[in-house]
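Protein chains in written order, with this note's numbering: chain V, 15 to 233; chain L, 5 to 561.
Quick reminder that beta carbons are idealized off the backbone N, C-alpha and C, glycines included.
Contents: one structure, followed by commentary.
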Amino acid sequence: MAILKLENVGYSYKPRGRKVLVNMNYAFEKGKIYAITGRSGSGKTTLLSLLSGLTTPTSGKVIYNGTDIRTVDRYKYRSKNVGVIFQSYNLLPQLSVLENIILSMDASGKKFEKAKKEIANDLLSRVDLDDELGSKKILHLSGGEQQRVAIARALSFFPDILLADEPTGNLDSATQNDIVEIFKKLAHQDQKCVIIVTHSKEVAAQSDEVFNLEKQSSR
Amino acid sequence: MFVIKNAVLNISRSIGRNVLIAIIIVTIIASSAIALSISNAANAARVAGLENLQITGNIQFNRNQVFAEQQENQSGEPSEDFRSGFRNQIQDSALSFDDYLKFTELPGVSSYFYTDSAGLNSASESLEAVSSSSNESNETGGRSFNVMGMFGISDFNLTGFSDDQAVTKAQDGTFTMTEGEVFPYDSADNNVIINSQLAIYNSLNVGDKIQLANPNNAEEIYELNIVGIYQNNNQSNPVGGGGGMNNMVQDPANAIYTNYKTLEAIIANSVANKIDVQIEVGSRGSFGPNASESGQEPEYIDGTSELTSNIQFTYVFDSKEDYDAFVAAKDSVVLDGDKDIANYTVASTDLTTFESSLVPLENLSNFALTMLYIILGVGAVILVVVNLINIRDRKYEIGVYTAMGISKPKVVLGFATELLIVALVSVGIGSSIAAVSSVPVANAMLSNQISSMENQSESEQTQFGRGMISGENGPDQFGGGGNNSTPGGGPEQTMGNNGFSWRSANVSYVDQLNATMNFAILGQLLGIAILLSILSSVGGTVSVVRYEPLQILSDRS
C-alpha cells in the first residue's frame, strides 16, 4: 500500500505563472528506494518540497497514509513523519553534530526508548561517522561528513519516509556508494520509504524505482 | 519544555550576544528601579505625612478675588469709587463669632478652637514693654484709633485662648511655663501669664498685678493677675528690627496670654464705655509722616475709642479627606448681613507647610518618573533594534527550525523565552544594583534638589534685600510684620493673609528619602522586563517567520 501518493499534482511558483509540475501521479511505498530524476529545472526539488510538506501543490493532492497533507498540520507532518536531507544539508553551524541530531529529536516531540544522546551516537555509527565527531561543530566537518550528519538527523526521529535532495551530489564515488548503501538498508531492512532526488545515473540504477519527471510530464 | 530547553541552550551558545542584551536590560532595570523607588518613597512619605498630620484650617477673606472683582467693575484709571469700594469690602469682611461657629457644623470638622487678641498699653510706670530701642517710649493715648485704614499702635498684645489646643497653636509659637501655671478657661477671672523676658524686664513675679490701658482711652484701665510666667521655645527675634517703627506689640516678649472669656469681658467693657476721640492723620499708628514731622498743619479724623479685637478661629480635621469635605461644603454657610461666602476661602497653614516641605521630594519624584519614561522609551527602542538585528542574523536558524517542523508560534515563543530568561536574570542583577544604590542615589538627588531650591530662595532674598532675615515669623516684604492689636484697624490682618502669602517663611523640607526596593517595585520591574522582552523579541521574530522556510533557506542557498 502506498504511504505517499501524488494525485494530479501541479505546481507553479506564481498564481498564473509557468507550471513547474503538471498533473503528476505517482505512488510511493514503504521498503523501496525511489529515484526522482530529470534534467535541471524539471521540478525535482519542487516535487521534494511538495512531498515534504514544505509547500503545497497549486493543484492536485499529496496524500500521506490516505490523508491529503494540505488538511493536516504540515509542521507536525515534517517533524514526525518525514525526514528531509537537504541538498545544502541545512545543519545549524553553531551546534555540534550531536546537538543537531538531538534538536531534531526534540522538535519531533516523540518519546524515545533510549537516551537521545545514545540514539544519536548509534545513528552516527550507522552513517559511518566516529563518535568523536559528535562534539564537533558542523563547520569543522567535510562535505561528506556533513551529508552523513544530515542523514543521521533525518533518521533521528524514526520517520516513515526519508526524502533526500541530491544526497550524493558533492561526494566522491566511494562515499556516494556508502551513502546509497545506507539508504538501501533503511529501505530494505527498516522498511522506510526512501525518495532520492538525483542526477546520478549510478544512484538511479541502484534504486528500486525511477520516477523520471520528464517522462511523466510528457505523458 | 522543548522551548525552554532550547532557549537555555541557545543562550549558552551565544554568551556574547546575550551579555550585550543583559547589559542593556540591567541598565534599564536599575534606572527604572531607582526611579520607581524614588516615586514610591515620595508617595509613601506624602501618605505617611498626611496620616500623621493634624490639619487645621482657617476661614480667610479672599482679598485678591475681591480686588480683582472691583477691578473688573471699573474702567480706566482707579477711581475714588474703586478705592472706597475695596476699602468698604475689607472693612466689612470681619466675620463674627457666630459666623465662625456656623462653620463648625460643616462635615469634617473634628474640633475647633479660637483666640482673640487686642492691643493694650501700660497703665502704670512700673510696667514697661520690652523694647530693643530706647526711643520707642510708651506714648499712651491718641496713637491707636478706631478709624478704618489706620493701624493703632500699642505696646502689649493681650491674647485670649479658648482652650489648651488654642494655646499650643499660639501665634508666637510654643512655650514652656517657668513659673506658675496656665489659667483655666471657664471664667473671666483676669488671670494672665506673661513672658519671662517681660517679667525680668519689669521685675514681675507670679501673684503680682499689672495694669493695662486702652491705647485710645488712657482712662480705660484693666487690672490683670499674673498667674504664670512662660518662656517661648523659639527664641529667634521675630520682629523686623525696629527701623524706627514701634514694633513692640509684635515682640513675643510683650505678648500677654489670658483666657478668651477675660478678653471677651474686656472688649465688652470697652465697647460699653467707648468715647469719641480724634486722631491726627499721619501720627504714629497711621501711614506716612505726621504733621509735626512734615511741618504741615495737623489734620484730624473722628473715631471712637473702643477696643477692637482680632478673632482667629481654627478648625481641626482628622484627615485630608475631612479637610477637603469641609472646603467643599464651605459655600453652604450663610453668613450674617450681606457678606458673600464666595469672598471667603479656607486656608490651612499645616497643609501648606506640609505641601511645601514635599516640594523638593515631588520635584524629584516627577523628575524620576520623567526619567523612567525616557529610559523605558529609549531602552525599548534600543532593545527592539538590537533584537531585530540579532533575529535577522538568525534568519537561517529560523528557516531550519521551521523546515524541521517546529511551528512558527513555537519558534517565536522560543526566541521570546530566550530574551525573557536573559531579562529575568537582568532584573535580578538590576534590582540588586538598585537595592544597594537607590537610597544613596535618591538622597543625593534630593539633597541637590533642596540645595537648588535653597540657592534660588537665597537669590530671591538677596534680590529683595532681605538676605539676613530668617526665622519662622520673619517680616513681610515691607518689613511691617503683622500687627494683631488693631483697635479700629478692622479685620485686615485677620482676613487679608492671602495678600501676604509671599511672606518669607522657612520651610523644613523633607531631606531624607527611604527609597528602598520592595516587592511592589520588583513586580513592576518584572512587568517592565516581560513587556520589553515580548515587545522586542516577538516584533523581531514575527518579521522573519512570516516567510516560509523554503523561502528563507533558498535565499541563503
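For residue i, which residues in chain V fall below 8 Å Cβ to Cβ?
i, result
"PHE6 of chain L", "ASP120, ALA121, GLY123"
"ALA52 of chain L", "Ordered by position in chain V, no residue passes the 8 Å Cβ test against ALA52 of chain L, which lies about 54 Å from the chain."
"VAL404 of chain L", "ASN104, LEU105, LEU106"
Please list, in chain order, all residues of the same chain as residue i whose beta carbon is under 7 Å from its beta carbon, the five residues on each side excluded.
i, result
"SER435 of chain L", "ILE33, ALA37, MET521, LEU526, LEU529"
"ALA333 of chain L", "LEU110, PRO111"
"LEU35 of chain V", "VAL23, GLY24, TYR25, GLY57, THR60, LEU61"
"VAL431 of chain L", "ILE33, LEU529, LEU530, ALA533"
"ASP142 of chain V", "ARG162, ASP192"
"GLY245 of chain L", "Summary for GLY245 of chain L: the model assigns pLDDT 42, below 50, so the residue's position carries little reliability; its value from the coordinates is reported in the next sentence. Correct list: empty, nothing qualifies."
Out of the options, which one is the CA nearest neighbour of residue i?
i, options, result
"VAL163 of chain V", "V:PHE171, V:ILE152, V:PRO173, V:PHE172", "V:ILE152"
"ALA41 of chain V", "V:THR69, V:VAL34, V:LYS75, V:LYS28", "V:LYS75"
"ARG84 of chain V", "V:SER73, V:ASP192, V:MET119", "V:SER73"
"ILE25 of chain L", "L:MET449, L:ALA427, L:LYS278", "L:ALA427"
"THR262 of chain L", "L:GLU227, L:LEU13, L:LEU450, L:ASN237", "L:GLU227"
"ARG396 of chain L", "L:ASP96, L:ILE556, L:GLN75, L:LYS173", "L:ILE556"
"ALA121 of chain V", "L:TYR405, L:GLN453, L:VAL440", "L:TYR405"
"ALA127 of chain L", "L:VAL390, L:LEU13, L:GLY544, L:ASN220", "L:ASN220"
"ASN370 of chain L", "L:ALA46, L:VAL23, L:ILE28, L:PHE6", "L:ALA46"
"GLU366 of chain L", "L:THR308, L:SER200, L:GLN453, L:TYR118", "L:GLN453"
"HIS202 of chain V", "V:LEU185, V:LEU105, V:LYS215, V:LEU176", "V:LEU176"
"TYR89 of chain V", "V:LEU106, V:GLN101, V:SER63", "V:SER63"
Check the Cβ of residue i against every Cβ in chain L and list those closer than 8 Å, keeping chain order.
i, result
"THR69 of chain V", "GLU552, LEU554"
"SER63 of chain V", "LEU554"
Please go through the same chain and pick out, in chain order, the residues whose beta-carbon is closer than 8 Å to the beta-carbon of residue i, but skip the five residues on each side of it.
i, result
"THR108 of chain L", "TYR116, TYR319"
"ILE532 of chain L", "ILE32, ILE33, SER36, LEU380"
"VAL549 of chain L", "ILE402, THR406, LYS412, VAL415, VAL416"
The beta strand (DSSP E) spanning residue i covers which residue range?
i, result
"ASN125 of chain L", "113-126"
"VAL141 of chain V", "No beta strand (DSSP E) holds VAL141 of chain V; DSSP gives it neither H nor E."
"THR178 of chain L", "It is not in any beta strand (DSSP E) - THR178 of chain L carries neither H nor E in the DSSP assignment."
"LEU35 of chain V", "33-43"
"GLN64 of chain L", "59-65"
"ASN314 of chain L", "314-321"
"LYS324 of chain L", "Segment 324-333 is the alpha helix (DSSP H) holding LYS324 of chain L; no beta strand (DSSP E) there."
"ALA217 of chain L", "213-218"
"ALA16 of chain V", "16-26"
Find the residues of chain V that neighbour residue i, judging by a C-beta separation of less than 9 Å, and give them in chain order.
i, result
"SER411 of chain L", "ASP87, TYR89, LYS90, SER93"
"ALA407 of chain L", "SER66, LEU68, ARG92, VAL98, PHE100, ASN104"
Step through the CB atoms of chain V and report whether any lies within less than 8 Å of the CB of residue i.
i, result
"LYS9 of chain L", "yes"
"GLU458 of chain L", "no"
"LEU557 of chain L", "yes"
"ARG21 of chain L", "no"
"THR545 of chain L", "no"
"ILE28 of chain L", "no"
"GLU401 of chain L", "yes"
"ARG396 of chain L", "no"
List the residues of chain L whose Cβ lies closer than 9 Å to the Cβ of residue i, in chain order.
i, result
"SER56 of chain V", "Ordered by position in chain L, no residue passes the 9 Å Cβ test against SER56 of chain V, which lies about 17 Å from the chain."
Go through its chain and collect everything with a Cβ distance to residue i's Cβ below 6 Å, but skip five positions before and after it.
i, result
"ASP222 of chain V", "LYS46, ILE47"
"THR70 of chain V", "ARG84"
"THR498 of chain L", "Legend: pLDDT at THR498 of chain L = 31, less than 50; position of this residue unreliable, value from coordinates given subsequently. Correct list, in chain order: ASN314."
"TYR78 of chain V", "LEU18"
Can you pull the chain L residues whose beta carbon is under 7 Å from the beta carbon of residue i, in chain order?
i, result
"GLN220 of chain V", "Simply none; closest approach about 27 Å."
Give a yes or no on whether the minimum CB-CB distance between residue i and chain L is below 8 Å.
i, result
"GLN160 of chain V", "no"
Which stretch, first to last residue, makes up the alpha helix (DSSP H) that contains residue i?
i, result
"LEU134 of chain L", "Residue 134 of chain L is actually Val in this sequence, not Leu. It is not in any alpha helix (DSSP H) - VAL134 of chain L carries neither H nor E in the DSSP assignment."
"GLN190 of chain V", "187-202"
"TYR89 of chain V", "88-94"
"ASN2 of chain L", "Only positions 5 to 561 of chain L appear in this structure, which leaves residue 2 of chain L out of reach."
"PHE172 of chain V", "It is not in any alpha helix (DSSP H) - PHE172 of chain V carries neither H nor E in the DSSP assignment."
"ASP145 of chain V", "Counting along the chain, ASP145 of chain V falls outside any alpha helix (DSSP H), and DSSP gives it neither H nor E."
Measure from the C-beta of residue i to each C-beta in chain C and report whether the shortest distance is under 8 Å.
i, result
"GLY80 of chain V", "Chain labels in this structure do not include chain C; the protein chains are V and L."
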